[in-house]
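**Q** The structure's right below; bear with me while I get my questions together.
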Amino acid sequence: MVNFTILAGGYDLFIAAYLFNSNASSLSLIGQYPSGPNPSWISLHPTNKSILYATNEITEGAVQSFTVMPNGVLSEAVETVPSGGDTPAFVGVLSTGQVTVMNYVGANGRIIPTTDTPLDFDDTAGIISFPIPDGGASNPHMALEYGSEVLVPDLGGDTVWRLKENGSPGNWKIIGSIAQPAGSGPRHIAVEGDLLFTLHQTTSTLTVQKIPSLDTKTAPLLANVSIVPPDPPFNASFAAAELLIPKTSERFPVQYIYASNRNMGEADERGDTIAIFQYVGGKLELVTHVYTGLDQVRTMEFGGEDSEYLVAGGVARNGSVAVFRRVDEGRNLEEIVRNIDLPVRVSFVWL
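Each residue of the sequence shown is one higher than the one before, counting from 43 in this note's numbering.
Right under this line is the structure:
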């Protein structure tokens, strides 16, 4: 394929669409489709790529469903349902079709079934409330399906909650947790086999643990490394953001781990980095830091055949969108093209 449509969420009143042409190395803004306020996180249905979900990251949070037309045009919102809390920063979809939404400020979330079609929400779904630690806060930041469980990293609670369906779709309960280092701020996670990879916002670290049995809440750290680049500006202040582990293929036979960082302090002229790691021999080994020319990469997403391409967006300064290509069998990234038409694009899906 030569042409790829990329949808991009942000802190605005629309979802943007870009056309990436890999032969021409071009990235063009081709649409701005109306949505509710702050569609900051967007996700495609896992089996029906004509259905998109988006958060409304506001105080009275919501989730919306959209139809993606064959030409990549996005419909108006088909249905909107409350997220059940404040500032939903993540929406995803389980293999069952239930839609997960986590309220970063609300200390809660919902896992919402759909009804007649995947566009229609069942608003009877319950609210999952997470314990608030003494003197602290609960900030659930994403949800990841793991077998029959859903794992939820809690940035404020320094834990990963384990959820399980409680009798019927839409009803979920906490069945366990996996403790994280105190003050680390677990933000995003990935699972490979029985290994839990966690990216910690507050300490800008990446850790690995073996997922324990449900009767224990602790698991030793098999690896714990910093993702901060070398020689940062004097007043730099880092906050890790996104974690991706694309599947291996013939073109990319070794599994690498990609972690984005955000410098919230004095900016680096080279932009913020994406750190690339390999987990081998029970250790996380740094492969390289890729300077992106983007400031505060909140999220990024792989696309194309064999996940050859990576799209990322900057939030601060001249906030732009850039597409990179994986090179050296995934050990590095090279920029192909960037687009500066819109600021603050913070989540992406490839159609």
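Glycine is no exception: its CB is placed at the ideal position from the N, C-alpha and C atoms.
Below 8 Å between beta carbons: does that hold for ASN145 and THR129?
**A** Counting from 1 along the sequence shown, the entry for residue 145 is found at position 103. Counting from 1 along the sequence shown, the entry for residue 129 is found at position 87. Contact: yes.
**Q** Which value, in whole angstroms, describes the spacing of the CA atoms of ASP310 and LEU248?
**A** Locating residue 310 in the sequence shown gives position 268, counting from the first residue. Locating residue 248 in the sequence shown gives position 206, counting from the first residue. Each residue's alpha carbon lies about 22 Å from the other.
**Q** Should TYR60 and VAL363 be called a contact, given that it needs their Cβ atoms to be closer than 8 Å?
**A** The sequence position of residue 60 within the sequence shown is 18, counting from 1. The sequence position of residue 363 within the sequence shown is 321, counting from 1. It is a contact, given that the beta carbons lie within the stated cut-off.
**Q** Are the stretch 103 to 120 and the stretch 64 to 78 touching by the rule of at least three beta carbon pairs closer than 8 Å?
**A** Yes, the stretch 103 to 120 touches the stretch 64 to 78.
**Q** Among TYR298, PRO272 and PHE294, whose alpha-carbon lies nearest the alpha-carbon of THR315?
**A** Position 273 of the sequence shown holds residue 315. Ranking the options by Cα distance to THR315, first place goes to PRO272.
**Q** Taking Cβ positions, are VAL339 and LEU375 nearer each other than 8 Å?
**A** Reading the sequence shown from its first residue, position 297 is the one you call residue 339. Reading the sequence shown from its first residue, position 333 is the one you call residue 375. No; because the gap between Cβ atoms is not below 8 Å, this pair is not in contact.
**Q** Mind checking who PRO124 pairs with in its DSSP beta bridge?
**A** Within the sequence shown, the letter at position 82 stands for residue 124. Answer is ALA104.
**Q** Nearest to SER246 by CA position, among HIS230, SER92 and VAL192, is which residue?
**A** Within the sequence shown, numbered from 1, the residue matching residue 246 stands at position 204. Here the closest residue by C-alpha is HIS230.
**Q** Should THR258 be labelled buried (16 or more other beta-carbon atoms within 10 Å of its own) or exposed?
**A** For the purposes of this step, residue 258 is taken as residue 216 along the sequence shown, with counting starting at 1. The residue is exposed, with fewer than 16 neighbouring Cβ atoms inside 10 Å.
**Q** Alpha carbon to alpha carbon, how far is GLY335 from ILE174?
**A** Sequence index remark: in the sequence shown, residue 335 carries index 293 (1-based). Sequence index remark: in the sequence shown, residue 174 carries index 132 (1-based). C-alpha separation (whole angstroms): 38 Å.
**Q** Count the other C-beta atoms from every protein chain shown that fall within 10 angstroms of the C-beta of PRO155, then say buried if there are 16 or more, exposed otherwise.
**A** Sequence index remark: in the sequence shown, residue 155 carries index 113 (1-based). It is buried - the Cβ of PRO155 has at least 16 other Cβ atoms within 10 Å.
**Q** Taking ARG380 as part of the beta strand (DSSP E), name the residues at either end of that continuous run.
**A** Translated into positions along the sequence shown, residue 380 becomes position 338. Run containing ARG380: 374 to 381, per the beta strand (DSSP E) assignment.
**Q** State the Cα-Cα distance for the pair SER302 and ASN113, rounded to the nearest angstrom.
**A** If you number the sequence shown from 1, residue 302 lands on position 260. If you number the sequence shown from 1, residue 113 lands on position 71. Between SER302 and ASN113, the C-alpha separation is close to 31 Å.
**Q** Can you tell which of THR244, ALA354 and ALA185 has the C-alpha that lies nearest to the C-alpha of TRP214?
**A** In the sequence shown, the residue the question calls residue 214 occupies position 172. The shortest Cα separation from TRP214 among THR244, ALA354 and ALA185 belongs to ALA185.
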